[in-house]
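Residue numbers (the numbering used here), protein chains in the order written: chain A, 7 to 412; chain B, 7 to 412. Presented below is the structure to which this report refers.
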């Protein structure tokens, strides 16, 4: 069995003349396809016209797609994944709207809403087609690209979920303009991660544009999202284990502590912020263990700081070590942690020296004050304006056409 | 991607010397594998030693398998699928026992418990290996063989579920001895169904042995289960659409009304009893529409009656027509109903004449009294004792070896 899904980049997805959504949903000779929209409350707050626009869009393209019910607005952020009521609300809406396996659930929102709505769609009638419309940097670059969904339970991230390839992923860059500064930069942590395990050149790009990225340079950000999404897709298509039957999960570099930190901070840290700390922790550990050269160690920590990430929180203490066991249990089999022997050079280890990790935490704690000063200095530095290069030009062409698959 | 799972037939699965379970679970060089047993309350009631036996079994084979927690006893029958608390209980047990994706959930029970526990296993950590140990005729012959799981919601059968191939299916014939007469015969309805759409010879076997089957001839029953399971497996492996992406589901012959009838009777009818009525209804309909010859029509209704099925309940009225729409919604796309143009000769139709169906219901209602007499007469007829033939001999060899794959 193989599977196939489309990933598109666009702007103004619900503009009447943008045919992307209708083209993705329409089936020849099948009449209008039923669709149920699930919308993140955060998106609705910042784009209050989105529901009306979507309804107008469906009216305009009523030969191809029909909204089977009024859009359902759900809580955004981890609340969507922590409270099982939201799954029930989506299931109920699917049932009431009379959706079938050939209908669509379209989830518009951040990674958490897409994960939750995706789980609800995957389990209603044993799987309704899911169109993901991610609206944050993190979701567009990472969370919405893959074949997974999930919700949290028993204080554990993604304890409940399935593997279910989406029907399509539609990235609308316009949604990014209203993100908070925290949400804007948080997603870049996943880009740093994928660059570190997959693509040293891409790491160089992020390194050179850390300033602009932290200053909301949207052109640099579009390139980061595009490249990050492409690397994720390549991994899924070429990695050989999309449904994670083995023990290895290279894209979860930095995540064993990140998932635990999110939970320990009661989700005060968002996923990207936790991943930045997780990357820092495993970077320091690899350096201390003599696996990673000092130069690379410095470059990685510098990039994280220059992007504006804080690399320490008071909850970062011995309790985070519980994340190792939870990580192993979630994936199964032998403990397999990805570390780095260089930028773009991942390596697997099956044993982690817990005392060594505690020393790394101590080091991060001691550096905390210095980091604050460091970030302040950086923000006074002149910024590199604009981004050039082939990839960005290619991306522009994509926007002109409004539609493109990766 | 392909998938593979084993189906075995045995007796006394938890007998210390029966190595089937350990062989299925063990992995070379991986040490003892964690297993969590979920046991149907009905099984526990009739086999109160089963929990102790399982624990002794695990102690005896502790180099290969270890019970990660005490077995969890859950409610049997549709209650297991109607009350979402049971899923939560299984999830919680998985979490507490620290199972990982390479561990096992082993579900011992009827089709409902296996469906529910299978859903819980498929969604914990995005999928823990599931070993199905079905204990009823229906579950061994049909429900536990396939790649589906599910629970009921909003009054709809299997509204929530996933497609998830099991790790293995272990059929222990000994469990059948304590079934009630209703549960004993109910499962044969699914065998009649699969014979009608797949195998006219097998239908002939059931026809010839309807008396012995209804009189608890276990040798005839073992052949029915074995052949029914084999036909289901062949369909899944060779049918081309194991995950039902299309609109057609030939093995759901007779099921559009059966699922609705179960719900309309508040699950007073069990699944097999409802399927028997569903088969009768679609058989009469096909005959009335001129699709099915009278001779076949008579043979099918005779078999159902000779097995002891009642083919009418007061809830069988116009409300059952709602099942057509629910059936279409569940599968998706165009309405596709399987009818027969002969025994072993299925044909798809995409339109059902609702008035015609109501006439068939009327006909079944009018025949109700006569049927009662008919069954009474049959039960006074001399019974054919014993079963001979190559297939049964082959099956006996299987039992001698305790283990065999299909």
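In this text, a Cβ means the ideal position worked out from N, Cα and C, and glycines have one as well.
Counting only unbroken stretches of 3 or more residues, the beta strand (DSSP E) elements lying wholly within the region 96-183 of chain A are 110-115, 135-140, 157-159, 162-166, 174-178, in sequence order. Sequence-ordered contacts of the region 84-113 of chain B with chain A read 97, 98, 101, 104, 105, 106, 107, 108, 109 [C-beta pairs closer than 8 Å]. With 16 or more other CB atoms across the displayed protein chains lying within 10 angstroms of its CB, residue 158(B) is buried. Beta-bridge analysis with DSSP links residue 348(A) to 351(A). Residue contact with chain A for residue 356(B): absent (no Cβ-Cβ distance below 8 Å to any residue of chain A).
Ranked by Cα distance from residue 341(B), the first of 349(B), 227(B), 354(B) is 354(B). Burial state of residue 204(A) is buried, judged by a 10 Å Cβ sphere holding 16 or more other Cβ atoms.
The Cβ atoms of residue 278(B) and residue 144(B) sit closer than 8 Å to each other.
Annotated three-state conformation of residue 36(A) is coil, per DSSP. Fewer than three pairs of CB atoms, one per stretch, sit closer than 8 Å, so the region 255-263 of chain B makes no contact with the region 219-227 of chain B.
The beta-bridge partner set that DSSP reports for residue 41(B) consists of 73(B), 110(B).
Residue 370(A) does not reach chain B, its nearest Cβ partner there being about 29 Å away, counting only Cβ pairs nearer than 9 Å. Residue 290(A) and residue 351(A) have their C-alpha atoms spaced approximately 15 Å apart. Residue pairing of residue 46(A) in beta bridges, as defined by DSSP: 80(A). Fewer than three beta-carbon pairs drawn from the region 66-85 of chain A and the region 9-19 of chain A are found closer than 8 Å, and the two stretches are therefore not classed as touching. The beta carbon of residue 167(B) falls within 8 Å of a beta carbon belonging to chain A, placing the residue at that interface. Counted as a single uninterrupted DSSP element, the alpha helix (DSSP H) harbouring residue 213(A) occupies residues 206-214. By a beta-carbon distance limit of 8 Å, residue 176(A) contacts residue 19(A). Their separation comes to about 6 Å.
One alpha carbon belongs to residue 148(B), the other to residue 238(B), and they sit about 7 Å apart.
The criterion of a C-beta distance shorter than 8 Å is not satisfied by residue 112(A) and residue 124(A). At least one CB atom of chain A sits nearer than 8 Å to the CB of residue 338(B). The Cβ atoms of residue 329(B) and residue 253(B) lie no closer than 8 Å to each other. Taking the beta carbon of residue 335(A) as reference, the chain B residues within 8 Å of it are 104, 105, 106, 131, listed in sequence order.
For residue 156(B), the neighbours in chain A by C-beta distance under 8 Å run, in chain order, 132. Between residue 50(B) and residue 100(B), the alpha-carbon positions lie close to 20 Å from each other. About 6 Å separates the Cβ atoms of residue 40(A) and residue 105(A), confirming a contact at the 8 Å cut-off.
Straight-line measurement puts the Cα of residue 186(A) at about 16 Å from the Cα of residue 54(A). In summary, no residue of the region 199-231 of chain B has a CB separated from any CB of chain A by less than 7 Å.
Contact check for residue 305(A) against residue 242(A) fails: the beta carbons are separated by 8 Å or more.
In the DSSP assignment, residue 314(B) falls outside any alpha helix (DSSP H), carrying neither H nor E. In the DSSP assignment, no residue is bridged to residue 231(A).
Not a single CB atom of chain B sits nearer than 8 Å to the CB of residue 31(A).
Not flagged as an interface residue toward chain A: residue 118(B), since no C-beta distance is shorter than 8 Å.
Taking each of 235(B), 206(B), 64(B) in turn and checking the Cα distance to residue 152(B), the smallest one comes out for 235(B). The beta carbons of residue 280(B) and residue 264(B) sit about 4 Å from each other, so the pair counts as a contact at 8 Å.
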